[in-house]
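Following the numbering used here, the residues of the sequence shown are numbered contiguously, the last one being 324. Cβ atoms here follow ideal geometry from the backbone N, Cα and C, with glycine treated the same way.
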Amino acid sequence: MKIVVLDGFTLNPGDLSWESLKSLGDVSVYERTSADKIIERSAGAEIVITNKVVIDQKIISQLPAIKYIGVLATGFNVVDIEAAKEAGIMVTNIPAYSTDSVAQMVFAHILNFTQRVDMHSNSVKSGRWANCIDFTYQLTPQIELSGKTIGIIGFGKIGQAVARVALAFSMKVVFYNRSRKDGAVENTTQVDLQSLVKVSDFISVNCPLTAENEGFVNEQLLQFAKPSAFIINTGRGPLLNDKDIANALNAGQIAGLGVDVLATEPPLENNPLLSAKNCFITPHIAWATLEARQRLMKIAVQNIKAYLDAKPENVVNAS
6 MKIVVLDGFT
16 LNPGDLSWES
26 LKSLGDVSVY
36 ERTSADKIIE
46 RSAGAEIVIT
56 NKVVIDQKII
66 SQLPAIKYIG
76 VLATGFNVVD
86 IEAAKEAGIM
96 VTNIPAYSTD
106 SVAQMVFAHI
116 LNFTQRVDMH
126 SNSVKSGRWA
136 NCIDFTYQLT
146 PQIELSGKTI
156 GIIGFGKIGQ
166 AVARVALAFS
176 MKVVFYNRSR
186 KDGAVENTTQ
196 VDLQSLVKVS
206 DFISVNCPLT
216 AENEGFVNEQ
226 LLQFAKPSAF
236 IINTGRGPLL
246 NDKDIANALN
256 AGQIAGLGVD
266 VLATEPPLEN
276 NPLLSAKNCF
286 ITPHIAWATL
296 EARQRLMKIA
306 VQNIKAYLDA
316 KPENVVNAS
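Structure, rendered in structure tokens:
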């Protein structure tokens, strides 16, 4: 059985092993695959594995041997699900492998805003502390999280993990979710979106992207935010209206933005967030801890084993 991994580098840049996958068949692993190489590399394969390589209806129609597409991520919008279903191709994803890692990144951004460890450390190394007349100095206000309110938009597994970390910091937690989540995490309160923005010192965006909520963090919503509020987005880049957010940052309407995702990745040179005030961008690495990638690899292999045993798991296009 032929198995092809079209873009394996981000999952395994060299610190993991493909041996568990190779035990299942004749495996070819490509670090990256351009659009014009997909057909050539996937020809004759029963199983095709992708992370960000797009497999659309046109590709599917030219690869009749494919019976299974495995997506190495939770989001599966890189595959034309309906076209795959019509062709009798099973599609699976990898749910809940990076929950703790993403929650950790939320607080990496939050703690960056409250302490600015990098800025202070660099100033010490440049000689500022050695030449200071006092025993201490502050380049930015030092902010205590205890008693501050965090508003979590999207209260699935990641949102709930963020809440638990916030509670450990003695923060107040409010959340917004499309469906009721009463009692999901003790000492949290579900509110409407406008109320969340009004009361929050920190806003963590952790909801999935849908056609209805694209760009919902925009000028209209930000008018309710505190000027001292910080926004963190580890969900999906298109949830934010980049232009409106950049304008709000530059005008001091909000205090800061920390994001791990952008609407277009890698970013376009004209993305207004790249030059916005007090905006910090990490290159979509919240999911990429060693431990999370180990779990991802394990689940990906288990998904294939389950498919081969006719007991499929994590199917996203089931009838």
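Taking the CB atoms as reference points, tell me whether residue i and residue j lie closer together than 9 Å.
{"i": "residue 268", "j": "residue 249", "result": "no"}
{"i": "residue 7", "j": "residue 75", "result": "no"}
{"i": "residue 229", "j": "residue 202", "result": "yes"}
{"i": "residue 27", "j": "residue 51", "result": "no"}
{"i": "residue 47", "j": "residue 68", "result": "yes"}
{"i": "residue 244", "j": "residue 224", "result": "no"}
{"i": "residue 261", "j": "residue 285", "result": "yes"}
{"i": "residue 237", "j": "residue 264", "result": "yes"}
{"i": "residue 151", "j": "residue 175", "result": "yes"}
{"i": "residue 112", "j": "residue 153", "result": "no"}
Rounded to whole angstroms, how far is the Cβ of residue i from the Cβ of residue j, which I believe are closer than 8 Å?
{"i": "residue 35", "j": "residue 304", "result": "At roughly 21 Å, the Cβ-Cβ gap does not stay under 8 Å, so residue 35 and residue 304 are not in contact."}
{"i": "residue 43", "j": "residue 58", "result": "6 Å"}
{"i": "residue 166", "j": "residue 239", "result": "The pair is not a contact, with the Cβ atoms about 11 Å apart (cut-off 8 Å)."}
{"i": "residue 157", "j": "residue 178", "result": "7 Å"}
Name the two residues that bound the continuous alpha helix (DSSP H) containing residue i.
{"i": "residue 164", "result": "162–173"}
{"i": "residue 187", "result": "It is not in any alpha helix (DSSP H) - residue 187 carries neither H nor E in the DSSP assignment."}
{"i": "residue 312", "result": "295–313"}
{"i": "residue 198", "result": "198–204"}
{"i": "residue 157", "result": "It is not in any alpha helix (DSSP H) - residue 157 instead sits in the beta strand (DSSP E) that spans 154–158."}
Counting only beta-carbon atoms, is residue i nearer than 9 Å to chain C?
{"i": "residue 6", "result": "No chain C appears in the structure shown, which is made up of a single protein chain."}
Under a Cβ-count criterion, where at least 16 other Cβ atoms within 10 Å of its own Cβ denotes burial, should residue i be classed as buried or exposed?
{"i": "residue 144", "result": "exposed"}
{"i": "residue 14", "result": "exposed"}
{"i": "residue 332", "result": "Examination of residue 332 is not possible in this model, given that the chain is present from 6 through 324 alone."}
{"i": "residue 70", "result": "exposed"}
{"i": "residue 12", "result": "buried"}
{"i": "residue 205", "result": "buried"}
{"i": "residue 323", "result": "exposed"}
Taking residue i as part of the beta strand (DSSP E), name the residues at either end of that continuous run.
{"i": "residue 195", "result": "193–195"}
{"i": "residue 215", "result": "Looking at the DSSP string, residue 215 is not in any beta strand (DSSP E), and its letter there is neither H nor E."}
Inset, instruction - Mind the definition here: the segment 150–166 touches the segment 205–213 only if three or more C-beta pairs lie below 8 Å; say whether that holds. - result: The answer is yes - the segment 205–213 touches the segment 150–166, with three or more Cβ pairs under 8 Å.
Legend entry - the segment 295–312 contacting the segment 112–123, beta-carbon criterion three pairs below 8 Å: Touching, no.
Inset, instruction - Could you tell me whether the segment 103–115 touches the segment 283–299, using the rule of 3 or more Cβ pairs below 8 Å? - result: Between the segment 103–115 and the segment 283–299, the count of Cβ pairs shorter than 8 Å is three or higher; the stretches touch.
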